[in-house]
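One structure below.
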Amino acid sequence: MKITPLQQARLQYQPKLPGMLRNGIKQISVLEGEATCSVADQAKIKELFPNTYGKKEITFVKGENTSEAKKQVVGVILSGGQAPGGHNVVCGLYDALKATNKENVLLGFKGGPSGLLNDDYLEFDDEYIDQFRNTGGFDIIGSGRTKLETEQQFEVAAQVCKKHGVTAIVIIGGDDSNTNAAVLAEYFAAKNTGVQVIGCPKTIDGDLKNDDIECSFGFDTATKTYSELIGNIERDANSAKKYWHFIKVMGRSASHVALECALQTQPNICLVSEEVAEKKMSLSSIANYIADSVCARAERGLNFGVAIIPEGVVEFVPEFKTLISEINELLAGSKADEFNKLDSWTEKYSFIENGLSKASMDVFALLPQSIQQQLFFERDPHGNVQVSLIESEKLFSALVKNELDKRKEAGTYKGKFTAQHHFFGYEGRCAFPSNFDADYCYSLGYNAFMLIQYGYTGYLSKVSNLSQPAQQWVAGGMPITKMMNIERRHGEDKPVIRKALVELDGAPFKYFQAHRDIWAVETAFTYPGAIQYYGPTEVCDLTTRTLALEKGKMTMQD
Ligand code: FBP
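Last residue of the sequence shown: 635 (the numbering used here), numbering continuous.
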């Protein structure tokens, strides 16, 4: 692998640990807090997790390390979508493990959870791991989306652990992966395998967040990367003054990524899916809302602008949701073959017209033909429409164009409207981690090993007080069961970590709400530029606006 100058320089960066972990391994002791209970459905969660429920919150403090001196063989797994900083979690884990005992071993299961099931692994050594310090990506061992959830999988996992003498597994993943980590921990405990399980909170989506986890890693870097690109586009728009840019950003269901990018770049429009759902907005009302901004700007001679669209927004539009479920019904079973045999789009269109309710057909008829076709061609293995593949940035620009044409005819709009489209997702998932993510991730990994060393299982590595400098961060652990409740998934009641959507009464959304009317009309763009790794701390060590607002470090006036 050819190493670039930036990569070379980043390899030398020494991530910052929370103050309490900085005194050397021999000086890390445990402070146990209160016993915990789950955020809801306590009786049910307790019944499902008899061995791991109700454990105490843990904080590490400076003091004599009293953990048991035994050889540890730890297996680590990267699970799900890539997020910047994953390599540093592994590096932090490795460094703590080796600092504790040179004989300790770290195994990396390759390609996600399936690596554990297939016994496909590598053993880390200094030479290998040193190439990955402070780099983006998950290529150190690869990632995958296999879910560890069945009893049979757990049995195989137990056998693989036994074969290698594995004493603990660290799962680096999102809400689902950490839910599965808790279930695996319970299984291992119930079977007396002696294998501990620790989770680490990962996802660029920012939706693994609760009273205990202030943010998931990767969110900081990914949103800074997208914001740099959005800022560049804003500057281009403000230079050429001839395009409206519609930018879809990743984030799955929640709009945390879109909202954070809006806070950083002050675009004319940012849709927030959670608000769309709350207000039960229709496609036309959203198009009208954007068109109002286009018109108001056109009146000032500003025939350009930027609109941010969260990846999952269409699923939050009630009428669109109904349309999707009717399409899924319409093509269920053999009806899909019948549909696919039809030659022309005209024939297919009549098939659709006959199968959908009047209300859904009205919505369908509103869509540009390319999107109509996407709804029927892009299907998942179960035959369902893949909503995440819908080009909603094109959908909304087409709907806005229709609306503007109507207004032009009515004489209420005289501007020009030409749209450009972008989708930012993969551009940010493997970026070099910001200093924040490099430090946070290294701390999560280091901390995860301390939890293992002190014998804990079913815990999430927890580093908090993140809006302060790293010296003041607080390291510890929280039983995963504390974050759980029961939700209906695929027709069954399941214990899961609650996914965090954007809170409409939370400080980040309120800040956006207080400023967006001005941003919609004026050119209030801000250009964050590239992530800075070197330079003054107020430039290089900034957290996200989301975290700053949530923790009261930024006010409405800022
Ligand atoms: P995780 O939830 O696993 O962290 O993945 C997040 C994400 O980046 C989403 O934002 C996006 O919808 C999804 O992954 C895309 O993943 P894939 O490329 O596997 O479809």
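Ideal Cβ placement from N, Cα and C applies to all residues, glycine included.
Since the model is a prediction, treat every value here as computed from it, not as a measurement.
Item                                                                                                                                                                        : Value
At a cut of 8 angstroms, does the region 358-366 reach the region 527-537 through at least three beta carbon pairs?                                                         : no
Let me confirm a value: Pro395 is counted as buried when at least 16 other C-beta atoms fall within 10 Å, else exposed. Which label applies?                                : exposed
State the beta-bridge partners of Lys539 as determined by DSSP.                                                                                                             : Gly553
Tell me whether the beta-carbon of Lys559 lies closer than 8 angstroms to the beta-carbon of Ser144.                                                                        : no
At a cut-off of 7 angstroms, would you count Ser332 as near the ligand FBP, judging by its Cβ distance to the nearest heavy atom?                                           : no
Can you say whether Asn512 is buried or exposed, counting buried as having 16 or more other CB atoms within 10 angstroms of its CB?                                         : buried
Please state if the CB of Glu305 and the CB of Gly110 are separated by a distance shorter than 8 angstroms.                                                                 : no
What residue range does the alpha helix (DSSP H) around Pro82 cover?                                                                                                        : 82-88
Report whether the distance from the Cβ of Ser469 to the nearest heavy atom of the ligand FBP is below 7 angstroms.                                                         : no
Quick test of the definition: if touching needs 3 or more C-beta pairs under 8 angstroms, does the region 255-272 touch the region 311-324?                                 : no
Can you tell which of Ala475, Tyr517, Gly242, Gly169 has the C-alpha that lies nearest to the C-alpha of Val272?                                                            : Gly242
Following a CB-centred definition, is Met327 positioned closer than 7 angstroms to any heavy atom of the ligand FBP?                                                        : yes
Using the Cα positions of Gln530 and Thr244, report the straight-line distance between them to the nearest angstrom.                                                        : 10 angstroms
Within 7 angstroms: the Cβ of Asp313 and any heavy atom of the ligand FBP?                                                                                                  : no
Measuring only from the beta carbon, is Ala160 closer than 7 angstroms to any heavy atom that is part of the ligand FBP?                                                    : yes
Using beta-carbon positions only, say whether Asp297 and Thr603 come within less than 8 angstroms of one another.                                                           : no
Are the CB atoms of Ile249 and Gly163 within a distance shorter than 8 angstroms?                                                                                           : yes
For Cys338, which of helix, strand or coil comes out of DSSP?                                                                                                               : helix
Can you tell which of Lys491, Leu472, Phe509 has the C-alpha that lies nearest to the C-alpha of His499?                                                                    : Leu472
Compute the beta-carbon to beta-carbon distance between Pro161 and Gly295, rounded to the nearest angstrom, for a pair I have assumed lies under 8 angstroms.               : 5 angstroms
Helix, strand or coil, according to DSSP, for Glu109 in the structure here?                                                                                                 : strand
Determine whether the beta carbon atoms of Lys187 and Asp202 lie at a separation below 8 angstroms.                                                                         : no
Verify the contact flag: Glu351, CB atom, against every heavy atom of the ligand FBP, threshold strictly below 7 angstroms.                                                 : no
Quick check: is any heavy atom of the ligand FBP less than 7 angstroms from the C-beta of Lys286?                                                                           : no
For Leu184, I'd like the list of residues in its chain whose CB is within less than 8 angstroms of its CB, leaving aside the five on either flank, ordered along the chain. : Val150, Val151, Gly152, Val153, Tyr198, Leu199, Glu200, Phe201, His241, Val243
State the Cα-Cα distance for the pair Phe441 and Gln449, rounded to the nearest angstrom.                                                                                   : 7 angstroms
Using a Cβ-based criterion (distance less than 7 angstroms to any ligand heavy atom), does Lys279 qualify as near the ligand FBP?                                           : yes
Considering only heavy atoms of the ligand FBP, does any lie closer than 7 angstroms to the CB of Ser304?                                                                   : no
If we count the other Cβ atoms within 10 Å of its Cβ and call it buried at 16 or more, is Tyr503 buried or exposed?                                                         : exposed
Can the beta-carbon of Thr113 be found closer than 8 angstroms to that of Pro556?                                                                                           : yes
Using the rule of at least 16 other Cβ atoms within 10 Å of the residue's Cβ for burial, across every protein chain shown, is Ile595 buried or exposed?                     : exposed
Taking the CB atoms as reference points, tell me whether Ala146 and Tyr523 lie closer together than 8 angstroms.                                                            : no
I'd like the ranges of any alpha helix (DSSP H) spanning at least 4 consecutive residues and lying wholly in the region 413-496.                                            : 422-432, 435-443, 446-454, 469-486
Measuring alpha carbon to alpha carbon, tell me which of Lys139, Asp284, Val371 ends up nearest Phe323.                                                                     : Val371
Starting from Leu184 and walking both ways along the beta strand (DSSP E), at which residues does that stretch end?                                                         : 182-186
Taking 7 angstroms as the cut-off, is the beta-carbon of Asp282 closer than that to any non-hydrogen atom of the ligand FBP?                                                : yes
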